[in-house]
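Peer 1: Numbering (the numbering used here), first residue to last: 32 to 520. Cβ atoms here follow ideal geometry from the backbone N, Cα and C, with glycine treated the same way. Here you go, one structure.
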C-alpha cells in the first residue's frame, strides 16, 4: 500500500544524486573555458546557467523526496502503533504475563519511531553505492589508475563496517532488554507509589532503578563510542583517499597535477564524502530498525484470545454453557488442570442470578469465561446475539475525566435516565459532597475518590449503558457502605 509513496521519491533521490555528479563535469568545462583561447561568450554563459539550473533542480528534487519520505515514515509509524494497540486489546492472559504496559509503550514510543529515521534516509542505502561507483569512474577518467589506491582503502573499510554493524546490533539487543527492565521498574514504582511512600522504601527502589539504568547507560556509551569512532573514520576517509590518490598520481606516476584536474578531483571527492559518511549511519539505523522489527513482530505474533463465544438466537436463555472447560493457560500439560472443568450453565433472560462460592473457587473465572477472556479447552458457550453485555470488575476502572463523563462513557446525556441511574446507584449524596458535583474532575485512577465512590461510578456506568446482561464481579466489596437499588437499575 506504500509503493507509490516509495517509488516517486526514490526517482527524485536518484535524479538529485545524478545532478550532483554533473556539477564537477560542468566545473571542468568552465575551467577549460577560462584557461583556453575560446572567446565565445555564450559558452561561458551556458556553463554558468547550467550550474544554476542543475543546482535548482537538484534542490527541488531533494526537498520533494524528503517531504514525501517524511509522510511515508509517519504513515508507517502510525500503522505500526495502530497494529500494536489493536494487538494489545486481544492478547491472551499468558501473553500479558510477558508484555507489561511499559513494554507495549516502549514498542510504540521507541521501536515504531525507528522507522522514522530509517525511511527518511533509506535511499542512501542504494543511491550511495551508485554515487560511489560513478564518482570513482569519473575520477578514473581524470587520473587514470592512480585512483586504485583510493579503491583499495575503500575496500579495506568494508570489513570494518561489517564488524561494527554486527557489534552494534548485539549491543542494541542487550540495551533494549535493559530499557524494558527499566520501564517495568518505573511502572511498578508508579503503580505502588502510595505503599512505597508509606513504608519508606524510596531509597531501595531508587537503588534498584539506578542499577538498571547504569547497565543501560553502559550499553549506550559503548555503542555510541564505537559508532563515533567509525563515523570519524568514515568522515575522514575521503580526505585520506584524496591524499593517497594525489600522492600516487604525482610521485608514483610522475604526472603533473594541473589546476583543472585538482579542482575537479576535489569536487568529486567532496561529493563522495556524503555517501561515504552516510552509509555507516544508515547501516546503524538499519540495524536498530531490524532489532525493533523483530521485537514488534514477536509481539504481534503473540498468542491472542480465542473467539469462542458464539452469538446466536436463544429463545429462553441469555447465556448457555454446555460441557465447557476453561483455563488461563493456552496449553495444558499433566501438571495443569482446567480452572473450570465440565461446566454446564443456563441463565434465563430477565433473571437475577448469584454465583456463590469460596475464595478461589472460580467465580471471577466464570465471568471472564463468559466475556471470552479465558482459553476454552472443550465444550461450547453461547450468548443471545440480540443482547448487550455490561461488566463491572472487582477493581473499579476510572478515567481521568469528570464524574459525569465517566458515567456517560461517550453516550448521549439524557437527564431523566441519568437521574434515575444516579439515584439507583446511591451517588446523589456523593455528588453533593464533591466540590463541583458530577462535574468534578476525577484524578488519574480515581485518586480523589474513595473505594466505594469509584465502585458506585463503575456500576452507574454499566447501568447507564442500558445493557441487557449485567455481569457484576463482586463490586460491592470495596466499601463498608454500598447500597444499590437493583429494582431501579
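On the criterion of 16 or more Cβ atoms from any shown chain inside 10 Å, does residue 396 qualify as buried, or is it exposed?
Peer 2: buried
Peer 1: Residue 434 and residue 471: beta carbons closer than 8 Å?
Peer 2: With contacts defined by Cβ atoms closer than 8 Å, residue 434 and residue 471 form a contacting pair.
Peer 1: Report the CB separation of residue 149 from residue 317 in whole angstroms; it is logged as a contact under 8 Å.
Peer 2: 6 Å
Peer 1: I'd like the list of long-range same chain contacts for residue 294, defined as Cβ closer than 7 Å, with 5 residues on each side in sequence excluded.
Peer 2: 58 and 62
Peer 1: Is the number of C-beta pairs between the segment 270-290 and the segment 211-231 that are closer than 8 Å three or more?
Peer 2: no
Peer 1: What are the residues that DSSP puts in a beta bridge with residue 357?
Peer 2: 371 and 407
Peer 1: Between residue 412 and residue 339, is the Cβ-Cβ spacing less than 8 Å?
Peer 2: yes
Peer 1: Classify residue 423 as helix, strand or coil using the three-state DSSP reduction.
Peer 2: In the three-state reduction of the DSSP assignment, residue 423 falls in the strand class, which pools E and B.
Peer 1: Please classify residue 118: is it buried, with 16 or more other beta-carbons within 10 angstroms of its beta-carbon, or exposed?
Peer 2: buried
Peer 1: So is residue 115 buried or exposed if we call it buried at 16+ other beta carbons inside 10 Å?
Peer 2: buried
Peer 1: Return the chain-ordered list of same chain residues with a C-beta closer than 7 Å to the C-beta of residue 373, the five sequence neighbours on each side being excluded.
Peer 2: 354 and 356
Peer 1: Could you pull out every residue in the same chain whose Cβ sits closer than 8 Å to the Cβ of residue 341, ignoring the five residues on either side in sequence?
Peer 2: 411, 412, 413 and 414
Peer 1: Does the Cβ-Cβ distance between residue 378 and residue 349 come in under 8 Å?
Peer 2: yes
Peer 1: Please state whether DSSP places residue 469 in a helix, a strand or coil.
Peer 2: helix
Peer 1: Going by DSSP, which residues form a beta bridge with residue 350?
Peer 2: 378 and 414
Peer 1: Could you tell me the boundaries of the alpha helix (DSSP H) in which residue 485 lies?
Peer 2: 482-495
Peer 1: Along the chain, where does the alpha helix (DSSP H) containing residue 386 start, and where does it finish?
Peer 2: Premise fails: residue 386 is in no alpha helix (DSSP H) and is neither H nor E.
Peer 1: Based on Cα-Cα distance, which residue from 503, 315, 39 and 370 lies nearest to residue 383?
Peer 2: 503
Peer 1: Please determine, among 482, 39 and 212, the residue with the shortest C-alpha to C-alpha distance to residue 135.
Peer 2: 212
Peer 1: In or out: residue 224 buried (at least 16 other Cβ within 10 Å) or exposed?
Peer 2: exposed
Peer 1: Less than 8 Å between C-beta atoms, sequence neighbours within five positions excluded: which residues of the same chain meet that for residue 158?
Peer 2: Hits under 8 Å: 44, 45, 48 and 306.
Peer 1: Checking the sheet assignment: what are the DSSP bridge partners for residue 501?
Peer 2: 421
Peer 1: Using a 10 Å radius around the Cβ and a threshold of 16 neighbouring Cβ atoms, would you call residue 445 buried or exposed?
Peer 2: exposed
Peer 1: Please go through the segment 116-198 and give each complete alpha helix (DSSP H) segment of 4 or more residues, from N-terminal end onward.
Peer 2: 124-129, 132-137, 145-151 and 155-174
Peer 1: Taking its Cβ as the centre, do 16 or more other Cβ atoms sit within 10 Å of residue 408, making it buried, or is it exposed?
Peer 2: buried
Peer 1: Using DSSP's beta-bridge definition, name the partner residues of residue 234.
Peer 2: For residue 234, DSSP assigns no beta-bridge partner whatsoever.
Peer 1: CA-CA distance, residue 13 and residue 463?
Peer 2: Nothing in the structure corresponds to residue 13, since the chain is present only between 32 and 520.
Peer 1: Taking only the alpha-carbon atoms, compute the straight-line gap between residue 28 and residue 198 and give it to the nearest angstrom.
Peer 2: Absent from the structure is residue 28, since the part of the chain shown begins at 32 and ends at 520.
Peer 1: Are the Cβ atoms of residue 431 and residue 404 separated by less than 8 Å?
Peer 2: no
Peer 1: If you draw a straight line from the C-alpha of residue 465 to the C-alpha of residue 459, how long is it?
Peer 2: 10 Å
Peer 1: Measuring alpha carbon to alpha carbon, tell me which of 361, 491, 400 and 303 ends up nearest residue 423.
Peer 2: 491
Peer 1: For residue 269 and residue 142, what's the separation of their Cα atoms in angstroms?
Peer 2: The alpha-carbon of residue 269 is positioned some 33 Å away from that of residue 142.
Peer 1: Look at the alpha carbon of residue 473 and the alpha carbon of residue 437, and state the distance between them as a whole number of angstroms.
Peer 2: 9 Å
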